[in-house]
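Take any residue in the sequence shown, note its place counting from 1, add 1, and you have its number in the working numbering. For each residue, glycine too, the CB sits at the ideal point set by N, CA and C. Since the model is a prediction, treat every value here as computed from it, not as a measurement. Just below is one structure, and these are the notes that go with it.
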Amino acid sequence: RTVFELRKARERGHILEGQAVALSNIDPVIALIKASPTPSEAKEALIKTAWESSAVVAMVERAGADSCRPETLDPQYGLREGKYFLSPEQAQAILELRLHRLTGLEHEKLLAEYQEILNQIGELIRILSSATRLMEVIREELEVIRAEYGDVRRTEILDARLDLTLGDMIPEEERVVTISHGGYAKTQPLAAYQAQRRGGKGKSATGVKDEDYIAHLLVANSHTTLLLFSSKGKVYWLKTYEIPEASRAARGRPLVNLLPLDSDEYITTMLPVEEYTEGHFIFMATAKGTVKKTPLESFSRQRSVGLIALELDEGDVLISAAITDGEREVMLFSDGGKVTRFKETDVRAMGRTARGVRGMRLPEGQKLISMLIPEEGSQILTASARGFGKRTAITEFPEYKRGGQGVIAMVSNDRNGRLVGAVQVLDGEEIMLISDQGTLVRTRVDEVSSLGRNTQGVTLIKLASDETLVGLERVQEPSEVEGEELEGEEGEEGAVFDGEVVIDDVAEDQQLDAAADEEPQE
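Put into C-alpha cells, the structure is as follows:
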C-alpha cells in the first residue's frame, strides 16, 4: 500500500513542481505561449527552455532532488545544473492551467500543496526504509480499528472440524430420474411434471434420438442412493444429485461418463435405496436361468469402480434385479414362451460373491428374458418375435417350486416366433416395441386385448418378412403426442386385432405343468 501511495504522490508532486516553476516565471511563460503558432509548438518551447525558479529549487533541495521524480522519468528533465527543465507531462499541465490559477493567491495555494506533497513523500520513504517506523504505523492503525470496531466477539470458535461435501450443499427435493435405452441419464425436478386430469397428453420426459427411448424411470429424492446393476453382474452407486439435471428436450449425459462401464456393458436395472434395511434383499436373475437373493445390507459399502453383485458363468448376463422383503413371489420368463412362478422363500439368502441357484430349467438354446415381481392388480404383457402379443392376468399363471421348466405363457411356434419380452403393466400405461431394423412403435396398454395364458396373442406391430421384434419395454411416462392405433381391426367385446385366438392342447399343457412341479430342486 505504501509503495502505491508513494508512486501516486510522486506523480502528483511532479505536476505541481512544473506548475510552480511556470508560475514563478509567469511573464516569460505567457510570452512564449503567445508567440507559438500552435499548442504543440508551445509545448516544445516550454520543454526546451531552461527555467529559473529559486523558490522551487530551494524546496526540492530541502526535500531531496529526486523526491518528486517519477522512477520512469528521463534524466534530461527536472533540476539540472541550477536550472529546471520541464518534462512533456509538466508542459502539457501548464498549457491546461486555467487563468484564475495565475493569481497570487492561487500561486501560494499551489506552493502550499506542493510542500504538503513533499512532506507526504518524505514520510512514505521513511516508512519504507525503517522497520521500526513501519511497525509504529501498523500499531497506530490497529489502535484506530480497535477504538472504532472493538466490540465483544460474536463468532463462536469451536474445536470441532467440519468437512463439507458436495451433498451438504444440495437441497433435498424430489426428482425424476431417467435412463434411455441408448444409455443416456438425466434428472429433472418433479415439479416440472404438473398433475393432469385423466386423459391428458402429458409432457415429454426426454428428447432422444429416433432409435432411442426411456428404458428406466423413477422418482427419488435428490439425496437418494441409486443402485445400478449392469449386464456383467456388477453394481454401481450414484447419488441422484450426481446425475446432471437437463431439460425435458435434452438427451442427458452418457452413463459411460458417470460410471466406469466397459464398452459391452450396459445398465439393466436401477433401484433407489434410502436405507440398507435389515430383512430386505436384492433378488437377481440371469439369462441362463440362475437366480440369487442377497441381503440388501451387503451392498452398503460403496466403491467407485463398482462391486460384483453375482458371479456369472461364461456367456451369461444379468437381466434384472429387484428389491424384495423376502416374502414375495417371482416370475421368470424364457424365450421359449414358458414362465415359472415360485415363492421367494424357495431361494435362500446368499453372500455377494455366490453364483446363485437354478431358478428355471431351460432347454438347450433357450434363455431367460424377463424377471418380474408380481404386484396386485397388474397384468403381464408378453410379445413374440413376429410381433404378436397379449395381456394376461397374473392369476392365470400357476405357482410351482423353483427350478422347473415352467408352463406356457405364450405359444412359441412358427407363427409367433420366440418370446422376446414380458412386462408388468397397469391400465393407462404404454409400451414401446422395437425391431431389429430400428422400427419403434409406442402404443397404449389398454389397446392390447386381455387373453388367457393358452393363446397366441394378437398383432402388436406389423413386421416385414425379414424383420423381427427384439425389444419390449414398459414406458413409465405419458407421451406428449397421442399414440397411433394398433394395426388390424378390433371388433366388439375385445375381439383380437389380427388372426384368431388359438387354444393349445390343454392336456399337453397340464402334463408340462405337472412335470415342472415334479422336477428335483437344487
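Any heavy atom of the ligand COA closer than 8 Å to the CB of I122?
What this structure holds is no ligand at all, so the ligand COA is not there to describe.
Is the beta carbon of S335 less than 9 Å from the beta carbon of K368?
Residue 335 sits at position 334 when you count from the first residue of the sequence shown. Residue 368 sits at position 367 when you count from the first residue of the sequence shown. Yes, these two residues count as a Cβ contact at 9 Å.
Would you call the CB atoms of T291 and D317 closer than 9 Å?
Taking the sequence shown and counting its residues from 1, the one referred to as residue 291 is at position 290. Taking the sequence shown and counting its residues from 1, the one referred to as residue 317 is at position 316. Yes. Within cutoff.
Are the CB atoms of V424 and S385 nearer to each other than 9 Å?
Taking the sequence shown and counting its residues from 1, one reaches residue 424 at position 423. Taking the sequence shown and counting its residues from 1, one reaches residue 385 at position 384. No, the Cβ-Cβ distance between V424 and S385 is not below 9 Å.
Quick one: give me the first and last residue of the alpha helix (DSSP H) that A394 is part of.
Looking up residue 394 in the sequence shown gives position 393. First-last for A394: F389 to A394, but that is the beta strand (DSSP E), not the alpha helix (DSSP H).
Pick from H182, E124, V30 and E53 that is closest to L100, judged by C-alpha positions:
Your numbering for residue 100 matches position 99 in the sequence shown. Taking only the C-alpha atoms, the option nearest L100 is V30.
For R176 and I283, I'd like the C-alpha separation in whole angstroms.
Start at 1 with the first residue of the sequence shown, and residue 176 comes out as number 175. Start at 1 with the first residue of the sequence shown, and residue 283 comes out as number 282. Answer to the nearest angstrom: the Cα atoms are 23 Å apart.
Beta-carbon separation of S232 and I320 under 9 Å?
Here residue 232 corresponds to residue number 231 of the sequence shown, with the count starting at 1. Here residue 320 corresponds to residue number 319 of the sequence shown, with the count starting at 1. With contacts defined by Cβ atoms closer than 9 Å, S232 and I320 form a contacting pair.
Since S436 sits in a beta bridge, which residues does DSSP pair it with?
Stepping through the sequence shown from its first residue, residue 436 is reached at position 435. Per DSSP, the beta-bridge partners of S436 are L470.
Is it right to say N120 is buried, meaning 16 or more other beta carbons lie within 10 angstroms of its own, or is it exposed?
As a working mapping, residue 120 is identified with position 119 in the sequence shown. Looking at its Cβ environment, which holds fewer than 16 other Cβ atoms inside 10 Å, N120 is exposed.
Going by DSSP, what residue range makes up the beta strand (DSSP E) through I122?
Locating residue 122 in the sequence shown gives position 121, counting from the first residue. Per DSSP, I122 belongs to no beta strand (DSSP E); it is in the alpha helix (DSSP H), G105 to S130.
Chain B contact for T460 (CB, 9 Å cutoff)
Checking the listed chains, one finds no chain B in this structure; it contains a single protein chain.
Beta-carbon proximity check, T341 vs V426, cutoff 9 Å
The residue you call residue 341 lines up with position 340 of the sequence shown. The residue you call residue 426 lines up with position 425 of the sequence shown. Result no, Cβ atoms of T341 and V426 do not sit closer than 9 Å.
Using alpha carbons as the reference points, say which of A132, T156, A221 and Y214 lies closest to E174.
On the sequence shown, residue 174 is found 173 positions in, with the first residue counted as 1. For E174, the nearest C-alpha among the options comes from A221.
Verify whether the separation of the beta carbon atoms of I432 and R443 is less than 9 Å.
Translated into the one-based positions of the sequence shown, residue 432 becomes position 431. Translated into the one-based positions of the sequence shown, residue 443 becomes position 442. Yes; because the gap between Cβ atoms is below 9 Å, this pair is in contact.
Name the DSSP bridge partner or partners of K85?
The residue you call residue 85 lines up with position 84 of the sequence shown. Residue 85 is actually Tyr in this sequence, not Lys. DSSP, once it has assigned bridges, lists W52 and L80 as partnering Y85.
C-alpha gap between L228 and V274, whole angstroms
Stepping through the sequence shown from its first residue, residue 228 is reached at position 227. Stepping through the sequence shown from its first residue, residue 274 is reached at position 273. Roughly 7 Å separates the two Cα atoms.
Rounding to the nearest angstrom, what Cα-Cα distance links T226 and R304 in this structure?
Residue mapping note: residue 226 aligns to position 225 of the sequence shown, counting from 1. Residue mapping note: residue 304 aligns to position 303 of the sequence shown, counting from 1. One C-alpha to the other measures close to 13 Å.
For G524, write down the residues that DSSP places opposite it in a beta bridge.
Because residue 524 is not part of the residues shown, which for the chain are 2 to 523, the question remains open.
Which residues in the same chain as I1 place their Cβ atom closer than 6 Å to its Cβ, once the five residues preceding and following it in sequence are excluded?
For the chain, the structure presents residues 2 to 523; residue 1 sits outside this window and is missing.
Run through DSSP, which three-state label would V412 get?
Counting from 1 along the sequence shown, the entry for residue 412 is found at position 411. The answer is coil: DSSP assigns V412 none of H, G, I, E or B.
From G422, G388 and G453, residue whose alpha carbon lies closest to that of A394:
As a working mapping, residue 394 is identified with position 393 in the sequence shown. Minimum Cα distance to A394 is reached at G453.
Beta-carbon within less than 6 Å of E18's beta-carbon, same chain only, minus the 5 sequence neighbours each way: which residues are those?
For the purposes of this step, residue 18 is taken as residue 17 along the sequence shown, with counting starting at 1. Result list for E18: C69, in chain order.
Which whole-angstrom value is the C-beta distance of A294 and E246, which I expect to be below 8 Å?
Counted from its first residue, the sequence shown places residue 294 at position 293. Counted from its first residue, the sequence shown places residue 246 at position 245. Contrary to the premise, residue 294 reads as Lys rather than Ala in this sequence. The pair is not a contact, with the Cβ atoms about 35 Å apart (cut-off 8 Å).
Which same chain residues end up closer than 8 Å to A355 when comparing Cβ atoms and leaving out the 5 residues on each side of it in sequence?
Stepping through the sequence shown from its first residue, residue 355 is reached at position 354. These residues qualify, in order along the chain: K293, T295, L311 and E312.
Candidates A148, I244 and K187, of which the one nearest L167 by Cα:
Locating residue 167 in the sequence shown gives position 166, counting from the first residue. Taking only the C-alpha atoms, the option nearest L167 is I244.
Beta carbon of Y401 nearer than 9 Å to that of F343
Within the sequence shown, the letter at position 400 stands for residue 401. Within the sequence shown, the letter at position 342 stands for residue 343. A Cβ-Cβ contact shorter than 9 Å links Y401 with F343.
Please report how far the alpha carbon of R147 lies from the alpha carbon of F300, in whole angstroms.
Taking the sequence shown and counting its residues from 1, one reaches residue 147 at position 146. Taking the sequence shown and counting its residues from 1, one reaches residue 300 at position 299. Each residue's alpha carbon lies about 57 Å from the other.
Based on Cα-Cα distance, which residue from G327, M332, G337 and L333 lies nearest to M351?
On the sequence shown, position 350 is the one that residue 351 refers to. Measuring from the Cα of M351, the nearest candidate turns out to be G327.
Here's the rule I'm using: 16 or more other beta-carbon atoms within 10 Å means buried, otherwise exposed. How should L159 be labelled?
If you number the sequence shown from 1, residue 159 lands on position 158. Per the 10 Å Cβ criterion, exposed.
Return the Cβ separation of I374 and V331 in integer angstroms, given the expectation that the two are a contact with Cβ distance under 8 Å.
The residue labelled residue 374 in the question sits at position 373 within the sequence shown. The residue labelled residue 331 in the question sits at position 330 within the sequence shown. Confirmed, about 6 Å.
Close-in-space but distant-in-sequence residues of the same chain around I462 (CB under 6 Å, 5 per side omitted):
Your numbering for residue 462 matches position 461 in the sequence shown. Closer than 6 Å at the Cβ level, and outside the excluded window around I462, lie G388, L434 and V442.
Residues near P348 in its chain [Cβ-Cβ closer than 7 Å; skip 5 each side]
Here the question's residue 348 lines up with position 347 in the sequence shown. Rather than Pro, the amino acid found at residue 348 in this sequence is Val. Closer than 7 Å at Cβ, skipping near neighbours: V292, K294, V358 and R403.
On the three-state DSSP scale, how would you describe H217?
For this step, residue 217 is matched to residue 216 along the sequence shown. Under the three-state reduction of DSSP output, H217 falls in the strand class.
Based on Cα-Cα distance, which residue from M271, S248, D447 and Y214 lies nearest to L239?
The residue labelled residue 239 in the question sits at position 238 within the sequence shown. For L239, the nearest C-alpha among the options comes from M271.
Per-residue DSSP class, three states only, for P273:
Position 272 of the sequence shown, counted from the first residue, corresponds to residue 273. Three-state DSSP puts P273 in a strand.
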